[in-house]
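Participant: I have a structure here, written as structure tokens, and I will follow up with some questions on it.
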Amino acid sequence: MPYLRSIVAIGLWLVAPLAGAQEYRATTSADATVRQAPGVQYTSLGVVPRGTPLAIDVCFDRGAYCAVSYEGGRGFVAGELLAIEGTGGTVRAAETARWAAIDARATGRRLPDWESRNIVVWGDSLSADTFGDELERLLPGRRVAMQGVPGEDGAAIARRRLATDAFDRRIAVIWDRHSTNQDPTRYIADLAPLFERLDHGHYIVISDIRSMSPELDVVADRQRTEAINARLRSAHPDNFLDLTEALDDPATRSDGLHLTQAGIDIVAERIARFVTDKGW
């Protein structure tokens, strides 16, 4: 309970300065009410004008309120009214970010270390029940979660991916074939959220592939695929896996788009090699 901890800290702070005082130096960004304790419900000790320099001893409730010292007094001021000198940011924002990082590290520690060696594959029908078993055989001891859903576009895949954090520590493989006549700019924009929460940098973006279906305009589809791959390569130069030419052989396709066993074997082998070469 933040306020229970605050009550104990308030008592210590009123007796003597806390160890590690002056975590930030700041000025008030507006006229700020100084309170007896950290919360709007506590007694006002007065108002300090905008631009008042002060030292911040300790903050409570992720920067909602901070214990401050200034010329003429001490008390508690709302963190959103405290502008950190030299940064332009507020103490509230800095404390919120700091505690988010602490929470993330704590969550990560609760997960087994080996989870970061496992793999999750996000995509459409190309990443459904396809090359997962083959990839596990090539990378012994690792688990592969195939999260492809047939028919989904990048936007739908991204929504599913961001709806769970269950696989966030895994090596991520992202593979989405563009929809028929989909604009490359729209494709890239739809795919962008898939790269959020990938701070570990262990991810692979597989190239778009050309369709071999005689029902499509093959030339236009080829141009669209090349435009998409150029953007993916530019945005993810160290994480881009180009399978376009490897899967141009009709023997790798069952219906002009989806993979035969030969195609599945190629994809699994190339992903396994990429992971191994990276040392992940």
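Under the numbering used here, read the sequence shown as residues 401 to 680, first letter to last. Ideal Cβ placement from N, Cα and C applies to all residues, glycine included.
Would you mind giving the Cβ-Cβ distance between Gly523 and Ile574, rounded to the nearest angstrom? I have them listed as a contact below 8 Å.
Facilitator: Residue mapping note: residue 523 aligns to position 123 of the sequence shown, counting from 1. Residue mapping note: residue 574 aligns to position 174 of the sequence shown, counting from 1. Indeed they touch by this definition, with Cβ atoms about 7 Å apart.
Participant: Does the Cβ of Asn639 have 16 or more other Cβ atoms within 10 Å, making it buried, or fewer, making it exposed?
Facilitator: Start at 1 with the first residue of the sequence shown, and residue 639 comes out as number 239. Per the 10 Å Cβ criterion, buried.
Participant: By Cβ distance below 6 Å, which residues in the same chain neighbour Trp680 in space, the five residues on each side in sequence not counted?
Facilitator: Taking the first residue of the sequence shown as position 1, residue 680 is located at position 280. Only Ile571, His602 meet the Cβ criterion.
Participant: Can you find at least 3 beta carbon pairs, one from the stretch 423-437 and one from the stretch 479-487, that sit closer than 8 Å?
Facilitator: Verdict: yes, contact present.
Participant: Would you please state the rounded distance, in angstroms, between the beta carbons of Ala662 and Ala646? I believe it to be under 8 Å.
Facilitator: As a working mapping, residue 662 is identified with position 262 in the sequence shown. As a working mapping, residue 646 is identified with position 246 in the sequence shown. Contact flag wrong, Cβ pair sits at about 10 Å.
Participant: If I measure Cβ to Cβ from Asp665 and keep anything under 7 Å in the same chain, skipping five residues before and after, which residues do I get?
Facilitator: Your numbering for residue 665 matches position 265 in the sequence shown. Correct list, in chain order: Glu534.
Participant: Could you give the C-beta distance for Arg435 and Gly463, rounded to a whole number, given that I count them as a contact under 8 Å?
Facilitator: In the sequence shown, the residue the question calls residue 435 occupies position 35. In the sequence shown, the residue the question calls residue 463 occupies position 63. 15 Å between Cβ atoms; not a contact.
Participant: May I have the straight-line CA-CA distance separating Ala409 from Ile588, to the nearest angstrom?
Facilitator: Here residue 409 refers to the residue found at position 9 when the sequence shown is read from its first residue. Here residue 588 refers to the residue found at position 188 when the sequence shown is read from its first residue. Because the pLDDT of Ala409 is 42, which lies under 50, any placement of that residue in the model is unreliable, and the question is left without a value.
Participant: Contact check, Thr490 vs Thr452 under 8 Å by CB: the rounded distance?
Facilitator: To locate residue 490, count along the sequence shown from 1; it is residue 90. To locate residue 452, count along the sequence shown from 1; it is residue 52. That belief does not hold up - the Cβ atoms of Thr490 and Thr452 are roughly 15 Å apart, past 8 Å.
Participant: Cα separation between Gly439 and Leu445?
Facilitator: Against the sequence shown, residue 439 aligns to sequence position 39. Against the sequence shown, residue 445 aligns to sequence position 45. Looking at the two C-alpha atoms, the distance is approximately 13 Å.
Participant: What separation, rounded to the nearest whole angstrom, lies between the Cα atoms of Ala497 and Phe460?
Facilitator: The residue given as residue 497 occupies position 97 in the sequence shown. The residue given as residue 460 occupies position 60 in the sequence shown. Ala497 and Phe460: Cα-Cα distance of roughly 14 Å.
Participant: What number of angstroms, rounded off, separates the C-alpha of Ala672 from the C-alpha of Leu616?
Facilitator: Your numbering for residue 672 matches position 272 in the sequence shown. Your numbering for residue 616 matches position 216 in the sequence shown. One C-alpha to the other measures close to 32 Å.
Participant: Can you name the start and end residues of the beta strand (DSSP E) that Gly548 belongs to?
Facilitator: Numbered from its first residue, the sequence shown carries residue 548 at position 148. 544-548 is the extent of the beta strand (DSSP E) around Gly548.
Participant: Ala381 to Leu591, Cα distance in whole Å?
Facilitator: Outside the shown range of the chain, which is 401 to 680, sits residue 381, and nothing can be said about it.
Participant: Apart from the five residues just before and just after Ala419, which ones in its own chain have a Cβ nearer than 8 Å to its Cβ?
Facilitator: Sequence index remark: in the sequence shown, residue 419 carries index 19 (1-based). Annotation note: pLDDT 33 at Ala419 (below 50); position unreliable, no value reported.
Participant: Check this for me: beta carbons of Asn518 and Arg543, under 8 Å apart or not?
Facilitator: As a first step, residue 518 is located in the sequence shown; it is residue number 118 there, counting from the start. As a first step, residue 543 is located in the sequence shown; it is residue number 143 there, counting from the start. In contact: Asn518 and Arg543 (Cβ atoms closer than 8 Å).
Participant: In the stretch 461-531, which residue ranges form an unbroken alpha helix (DSSP H) of at least 4 residues, counting only runs that do not cross its ends?
Facilitator: For the stretch 461-531, whole alpha helix (DSSP H) runs of length 4 or above, ordered along the chain, are 491-510.
Participant: Could you pull out every residue in the same chain whose Cβ sits closer than 7 Å to the Cβ of Ile407, ignoring the five residues on either side in sequence?
Facilitator: Taking the sequence shown and counting its residues from 1, the one referred to as residue 407 is at position 7. Because the pLDDT at Ile407 is just 38, under 50, the model does not fix this residue reliably, and the point stays unresolved.
Participant: When burial is assigned at 16 or more other CB atoms within 10 Å of the CB, is Glu596 buried or exposed?
Facilitator: Position 196 of the sequence shown, counted from the start, is the residue given in the question as residue 596. With fewer than 16 other Cβ atoms within 10 Å, it is exposed.
Participant: Go through its chain and collect everything with a Cβ distance to Thr443's Cβ below 7 Å, but skip five positions before and after it.
Facilitator: What you label residue 443 is simply residue 43 of the sequence shown in a count that begins at 1. Cβ within range, chain order: Arg435, Gln436.
Participant: Nearest to Asp599 by CA position, among Ala504, Tyr465, Val448, is which residue?
Facilitator: Numbered from 1 along the sequence shown, position 199 holds the residue referred to as residue 599. Checking every option, the nearest Cα to that of Asp599 belongs to Ala504.
Participant: Tell whether a beta-carbon distance below 8 Å holds between Leu526 and Ile557.
Facilitator: One-based indexing of the sequence shown puts residue 526 at position 126. One-based indexing of the sequence shown puts residue 557 at position 157. No, the pair does not count as a contact, with Cβ atoms beyond the cut-off.
Participant: So, are the CB atoms of Ala545 and Phe567 less than 8 Å apart?
Facilitator: Numbered from its first residue, the sequence shown carries residue 545 at position 145. Numbered from its first residue, the sequence shown carries residue 567 at position 167. Their beta carbons are under 8 Å apart, which means Ala545 touches Phe567 by this criterion.
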